[in-house]
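J.: Here's a structure for you.
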Ligand code: GLP
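Here it is in structure tokens:
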């Protein structure tokens, strides 16, 4: 039997259809995180696809972190948020992909003169203006991270252009970052951070610093984030040279 393939990716169409179906289940929250996916047999019968196709699609989504498998117990919608480290995505995009609705609560969303430390991080000369965003990031009303971003005002002229997503605002200004350098470090969350993130003082957190660049090399953002260690997994694909 001839296998129909997607002309762009050359992946079998049945596989892609099933992946989309499972992704829809996750994104529309038809099954909640932590709950089991229907069995391979039920999925293959309902969608009239072979067990092999079903197994491959599930394996692909396990690799992406949307599903998890427990030996002998079945396949579940992942509870932890698995974030691939090699893709330059925003908090908003990461959460939407998992069917969670993102929201920001701002402590600061203003404009001011660059500090010496910020001018180093952003390659700006003293006296330049920068937009500062300080916010708690929520997914489905649960606090997940705290972020402090600094963006040159030459890129983002008005802080109020950021309603919820910084990258969406930058996209509209044709200034979406194209490349970034990121540093991850283990931290224990201090009293203020723990209170904002609804965890105990001293809980594990991940401090993430990101400097993002435009195509022409200008720095677009310098962001320090504190992600909850009890929720996030950062994964990367590794290759030999
Ligand atoms: C992640 C990154 C930040 C970036 C943010 C943008 O959290 N660690 O460096 O600023 O995404 O997300 P959004 O567009 O949702 O504001």
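In our numbering, the protein residues as written are 1 to 241. We put the beta carbon where it would ideally sit given N, CA and C, even for glycine.
1. Between residue 221 and residue 166, is the Cβ-Cβ spacing less than 8 Å?
2. Pick from 108, 140, 230: whose alpha carbon is nearest that of residue 132?
3. Nearest-angstrom Cα distance between residue 153 and residue 68?
4. So what does DSSP say about residue 44, is it helix, strand or coil?
5. Might you give, ordered along the chain, the residues of its own chain that have their beta carbon closer than 7 Å to the beta carbon of residue 54, omitting 5 neighbours on each side?
6. Report buried or exposed for residue 7, applying the criterion of at least 16 other Cβ atoms within 10 angstroms of its Cβ.
7. If the criterion is Cβ atoms closer than 8 Å, does the pair residue 186 and residue 206 meet it?
8. Just reading off the alpha helix (DSSP H) that residue 118 is part of, what are its end residues?
9. Indicate whether residue 144 and residue 228 have their beta-carbon atoms separated by less than 8 Å.
10. Give every residue of the same chain whose Cβ lies closer than 6 Å to the Cβ of residue 62, excluding the five residues on either side of it in the sequence, and list them in chain order.
11. Who pairs with residue 182 in a beta bridge, going by DSSP?
12. Among the candidates 113, 9, 33, whose CA atom is the shortest distance from the CA of residue 231?
13. Is it the case that the segment 99-115 contacts the segment 22-31, given that we only count it when at least three CB pairs across the two stretches are under 8 Å?
14. To the nearest angstrom, how far is the alpha carbon of residue 92 from that of residue 136?
15. Given this structure, state the Cα-to-Cα distance separating residue 81 from residue 212, to the nearest angstrom.
16. Helix, strand or coil: how does DSSP classify residue 187 here?
17. Closer than 8 Å by C-beta to residue 175: which residues in its own chain qualify, once you throw out the five before and the five after it? Chain order, please.
18. Does the separation of the CB atoms of residue 150 and residue 122 fall below 8 Å?
19. Give me, in chain order, the residues of the same chain whose beta-carbon lies closer than 8 Å to that of residue 57; leave out the 5 immediate sequence neighbours on both sides.
20. Please tell me whether, using a cut-off of 7 Å, the distance from the CB of residue 168 to the nearest non-hydrogen atom of ligand 1 is below it.
21. Take residue 71 as the anchor and find which of 36, 9, 188, 51 has the nearest alpha-carbon.
22. Which residues in the same chain as residue 111 place their Cβ atom closer than 8 Å to its Cβ, once the five residues preceding and following it in sequence are excluded?
23. Assuming the contact rule is C-beta atoms closer than 8 Å, residue 196 and residue 146 should be a hit. Round their C-beta distance to whole Å, please.
24. Return the chain-ordered list of same chain residues with a C-beta closer than 7 Å to the C-beta of residue 78, the five sequence neighbours on each side being excluded.
25. Threshold first: 3 residues or longer. Then list the beta strand (DSSP E) segments lying entirely within the segment 5-89, N to C.
T.: Working from what's here:
1. The residue you call residue 221 lines up with position 221 of the chain shown. The residue you call residue 166 lines up with position 166 of the chain shown. In this structure, residue 166 lies closer than 8 Å to residue 221 by Cβ.
2. Working through the chain shown from its first residue, we reach residue 132 at position 132. Here the closest residue by C-alpha is 108.
3. Along the chain shown, read from residue 1 onward, the residue named residue 153 stands at position 153. Along the chain shown, read from residue 1 onward, the residue named residue 68 stands at position 68. About 42 Å.
4. Here residue 44 refers to the residue found at position 44 of the chain shown. If DSSP states are grouped into helix, strand and coil, residue 44 belongs with the helices.
5. Here residue 54 corresponds to residue number 54 of the chain shown, with the count starting at 1. Excluding residues within five positions, the ones whose Cβ falls inside 7 Å are 18, 40, 43, 44.
6. Position 7 of the chain shown, counting from 1, holds the residue named residue 7. So residue 7 counts as exposed.
7. Here the question's residue 186 lines up with position 186 in the chain shown. Here the question's residue 206 lines up with position 206 in the chain shown. It is a contact, given that the beta carbons lie within the stated cut-off.
8. In the chain shown, the residue the question calls residue 118 occupies position 118. Where residue 118 is concerned, the enclosing alpha helix (DSSP H) stretches over 116-122.
9. Within the chain shown, the letter at position 144 stands for residue 144. Within the chain shown, the letter at position 228 stands for residue 228. Taking 8 Å as the Cβ cut-off, residue 144 and residue 228 qualify as a contacting pair.
10. Your numbering for residue 62 matches position 62 in the chain shown. 69.
11. Looking up residue 182 in the chain shown gives position 182. 210.
12. Walking along the chain shown from the start, residue 231 turns up at place 231. Looking at the Cα atoms, 33 is the closest of the given residues.
13. yes
14. As a position in the chain shown, residue 92 is number 92, starting the count at 1. As a position in the chain shown, residue 136 is number 136, starting the count at 1. Using only the alpha carbons, I get a separation of about 13 Å.
15. Walking along the chain shown from the start, residue 81 turns up at place 81. Walking along the chain shown from the start, residue 212 turns up at place 212. C-alpha separation (whole angstroms): 22 Å.
16. Taking the first residue of the chain shown as position 1, residue 187 is located at position 187. Reduced to three states, the DSSP call for residue 187 is strand.
17. To locate residue 175, count along the chain shown from 1; it is residue 175. Counting only Cβ-Cβ distances below 8 Å, and skipping sequence neighbours, we find 155, 156, 214, 220.
18. The sequence position of residue 150 within the chain shown is 150, counting from 1. The sequence position of residue 122 within the chain shown is 122, counting from 1. Yes.
19. Taking the chain shown and counting its residues from 1, the one referred to as residue 57 is at position 57. Within the same chain, residue 57 has close Cβ partners 15, 18, 19, 22.
20. Within the chain shown, residue 168 is the residue found at index 168, counting from 1. Yes, the beta carbon of residue 168 sits closer than 7 Å to at least one heavy atom of ligand 1.
21. As a position in the chain shown, residue 71 is number 71, starting the count at 1. Residue 36 is the option with its Cα nearest to residue 71.
22. Within the chain shown, the letter at position 111 stands for residue 111. Result list for residue 111: 129, 130, 131, 132, 153, 158, 159, in chain order.
23. Along the chain shown, one-based indexing puts residue 196 at 196. Along the chain shown, one-based indexing puts residue 146 at 146. With 8 Å as the limit, residue 196 and residue 146 qualify as a contact, their Cβ atoms being about 6 Å apart.
24. Working through the chain shown from its first residue, we reach residue 78 at position 78. Once the five neighbours on either side are set aside, the close Cβ partners of residue 78 are 33, 65, 66, 67, 68.
25. 67-70, 74-77, 81-84
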